[in-house]
Structures are given as structure tokens and as C-alpha cells.
Amino acid sequence: MQALYAFSGSFIIVEGNSYSIEKLTENEFIFQEVSPSKPDNELIRYHYVSTPESSGNYFYRQFIKPFIRITAKGDTAYAFNEYIYPKFKYESNGYSVELDHFDDVYETSYNYIEKNFVYPPQKKSNFAVSFSVNKSGELKNVAIKESSDSSYNEALLRAVYKTERHWLPAVYANKKVETIFNYVFKYDNSEDANVDFDMEVYLNKKSRANHFFEKKEYVKAIKLYTECILMQDEDIEPLFKRAESYFALKINKNACLDWSYLAKKGQKKAEKLFMDNCMK
1 MQALYAFSGS FIIVEGNSYS IEKLTENEFI FQEVSPSKPD NELIRYHYVS
51 TPESSGNYFY RQFIKPFIRI TAKGDTAYAF NEYIYPKFKY ESNGYSVELD
101 HFDDVYETSY NYIEKNFVYP PQKKSNFAVS FSVNKSGELK NVAIKESSDS
151 SYNEALLRAV YKTERHWLPA VYANKKVETI FNYVFKYDNS EDANVDFDME
201 VYLNKKSRAN HFFEKKEYVK AIKLYTECIL MQDEDIEPLF KRAESYFALK
251 INKNACLDWS YLAKKGQKKA EKLFMDNCMK
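Residue numbering for the sequence shown is 1 to 280, as defined by the UniProt record's numbering.
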């Protein structure tokens, strides 16, 4: 009888479909769809575990319990995370849109606050703000946690309050729950900085790309690294990691293009990678 699957390096091929292997041990198997033609939020990730626990108990212990927070009133709340998060509503071309994917909620809500926080772009400062979205979708407990320029604290608080009525509460185990956010806003005073270049957005994209890279979710990482590179290509890390991601997915042609570009910029490591992997 012909096998229904086959292993190829860090991939498993099932009935002609490719999946990248994130983890494979005697007790755990994690793999994800590989499909550049599919949107990130449609890629399916599979997680199989050999454990005496029920799947619900295992998931709770591994992915939910670390985010539990107890409020001052003794109620249970959850730190904003990719498993428990509220929806965010906004207007687009005259229509109300509800964002229900973690990355979209994070990026849109963060950018919405930053857009309404008027701060001199060339002045170096650092702000951290926390707030909660309760079970009714109301904004609560808005507070400045860190500020290098207190004269702008009120402006940041007003920007956060502008998200009022944009939230729909998070739901966990079929119940509405409270979520706690912590956002950091950084500003650079570099005289030659391009005022159209948003450093915080860039760093957030890069951080999320690195997160997917470490989890071996290379398709998602490539998308975000590409967005970083389009914003500015002086930072070589996204180029190196995008090339490594392409190489892990066996898309060698694209990896070689990135290594070639980096080699032309004088990167000896890229030159060696290009010679070793692209000149054979």
C-alpha cells in the first residue's frame, strides 16, 4: 500500500500538499501549511500532543494560563495575546469593518492611537500606556506606565480614549472576558530621520517577523520581512532572515537573490552563503 505522506527535510508532504515541520518529538508534532497563494490568516497550523490530559486542559495550561491576570477587584482578566483578544472596529470607505484577526487588531489599534497622539517627530521620547477592554467592550483603567516627557501624558491618554466604542469584547470558552493591553510608543530625535518613516511601526513589524521566524512559520515571516525591507533596506537583518526563510522553504532562487544583493553591499557572510548554495 502506498504511503499517504512522506518526509522531505523539514517538510511533510501529505497527498501532494506541503507542510513545514515546526516540532517533531516522541510526544509532540507541530506542522503548518505552506501556501504562498493563501492569506496568512487562512494557513492551518496542526498541533498533536501525546498526553494523558484532555486537549482542552493541555491547551489551557500551555497557552491560556500564562496570560491570566487578576484585577484589583479580584476578577480574572487576560493579557492581550494571539489566543484571547477583542475585536476592533473602524471606518473604511464609509463602511464599518470589524477586525477579528490578532495581527490586524494589534496593528490597527496601535496605529490608530499613534495617529491621534500628536508628538514632535524629531523629539526623542519613550511612552508606555496600559488599558483594559472589559466584558462590555468598554475602555477601562487607562494609565501611563512610563513617560520621558510628562507634558505629553494627557495627549497620549486622549489618543487612547479615542478608541472608545471601537472595541468588541474578547471571548474565551464562550464567555466575554476582559483583556489588558500594554503599548509602547518610541520616538527618535535623529536630525536626518525621514519624517515619513515610522520607526515604531517598523520595529513592531520586525519583532513580529522574528517571532514567526523563531516559530518556523516562514511564510508569515517572509511577508513581514518584505514589508520591513520596503520601508527601509539599511537594516540588513530582515534581508538575511528573509533569505534564510526562503531557503528553509526550498525557494532557493529567492534566497539567492537576497544573498546576492547583500553580497553587493559588502556582506561577506552573504557572499559565502551565495557561493555555497547558489553556484553549484
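Backbone N, C-alpha and C fix where the C-beta goes; we use that ideal spot for every residue, glycine too.
Discussion item. For a test of the three-state rule: what should DSSP assign to Asn116, helix, strand or coil?
Written reply: Of the three classes helix, strand and coil, the one that applies to Asn116 here is helix, per DSSP.
Worksheet item: Going by other Cβ atoms of all chains shown within 10 Å of its Cβ, with 16 needed for buried, is Asp25 buried or exposed?
Response: Reading off the sequence, residue 25 comes out as Thr, not Asp. A residue is called buried once 16 or more other Cβ atoms fall within 10 Å of its Cβ, and Thr25, having fewer, is exposed.
Worksheet item: Of the choices Phe181, Lys186, Met275 and Leu239, whose alpha-carbon is the least far from that of Ala209?
Response: The shortest C-alpha separation from Ala209 is found at Leu239.
Item to complete: Please name the residue in Asp198, Cys228 and Lys253 whose C-alpha comes closest to that of Glu114.
Response: Closest in C-alpha terms to Glu114, from the list Asp198, Cys228 and Lys253, comes Asp198.
Worksheet entry | Every unbroken beta strand (DSSP E) within the stretch 178 to 258, with a cutoff of 3 residues, ordered by chain | If we require 3 residues or more, the stretch 178 to 258 turns out to have no beta strand (DSSP E) run fully inside it.
Practice prompt. Sort Asn174, Ala255, Thr226 and Tyr187 by Cα distance to Lys124 and report the nearest one.
Written response: Considering only alpha carbons, the answer is Tyr187.
Practice prompt. Report yes or no: do the stretch 133 to 150 and the stretch 163 to 183 share at least 3 C-beta pairs separated by less than 8 Å?
Written response: Flag = yes, the stretch 133 to 150 and the stretch 163 to 183 touch.
Discussion item. Considering only their Cβ atoms, is the gap separating Leu249 from Tyr218 smaller than 7 Å?
Written reply: Closer than 7 Å, so yes.
Fill in: Asp104 to Asn93 span [Cα, whole Å]
Asp104 and Asn93 have their alpha carbons spaced roughly 17 Å apart.
Worksheet item: Under three-state DSSP, which class holds Arg45?
Response: Arg45: strand per DSSP, three-state reduction.
Practice prompt. Please state if the CB of Phe212 and the CB of Phe80 are separated by a distance shorter than 7 Å.
Written response: It is not a contact, given that the beta carbons lie outside the stated cut-off.
Worksheet item: Where are the beta strand (DSSP E) runs, 3 residues long or more, that stay fully inside the stretch 6 to 31, in chain order?
Response: As far as the stretch 6 to 31 is concerned, its whole beta strand (DSSP E) runs of at least 3 residues are 11 to 14 and 17 to 24.
Fill in: His101 versus Phe31: straight-line alpha-carbon distance, rounded
Their Cα atoms are separated by approximately 20 Å.
Discussion item. Please classify Lys205 as buried or exposed, where buried requires at least 16 neighbouring CB atoms within 10 angstroms.
Written reply: Lys205 counts as buried, since no fewer than 16 other beta carbons sit within 10 angstroms of its beta carbon.
Item to complete: Write down the C-beta distance between Ala170 and Pro86 rounded to the nearest angstrom, noting that I regard them as a contact closer than 8 Å.
Response: About 4 Å separates the two Cβ atoms, so the contact holds.
Worksheet item: For Glu244, is the classification buried or exposed, using 16 other Cβ atoms within 10 angstroms of its Cβ as the cut-off for buried?
Response: Per the 10 Å Cβ criterion, buried.
Worksheet item: Among Thr108, Tyr152 and Tyr161, which has the Cα closest to the Cα of Phe88?
Response: Just measuring C-alpha positions, the residue of Thr108, Tyr152 and Tyr161 sitting nearest Phe88 is Thr108.
Discussion item. Would Ser151 and Ala143 qualify as a contact pair, given that the criterion is a beta-carbon distance under 7 Å?
Written reply: For Ser151 and Ala143, no; Cβs fall outside 7 Å.
Fill in: Range covered by the beta strand (DSSP E) that runs through Glu82
Segment: none, Glu82 is in no beta strand (DSSP E) and carries neither H nor E.
Worksheet item: For the alpha helix (DSSP H) that contains Tyr172, what are its first and last residues?
Response: Per DSSP, Tyr172 lies in no alpha helix (DSSP H) segment; the continuous beta strand (DSSP E) that holds it begins and ends at Ala170 to Tyr172.
Fill in: Reduced DSSP secondary structure (H/G/I, E/B, other) of Lys145
The three-state reading of DSSP puts Lys145 in strand, counting E and B together.
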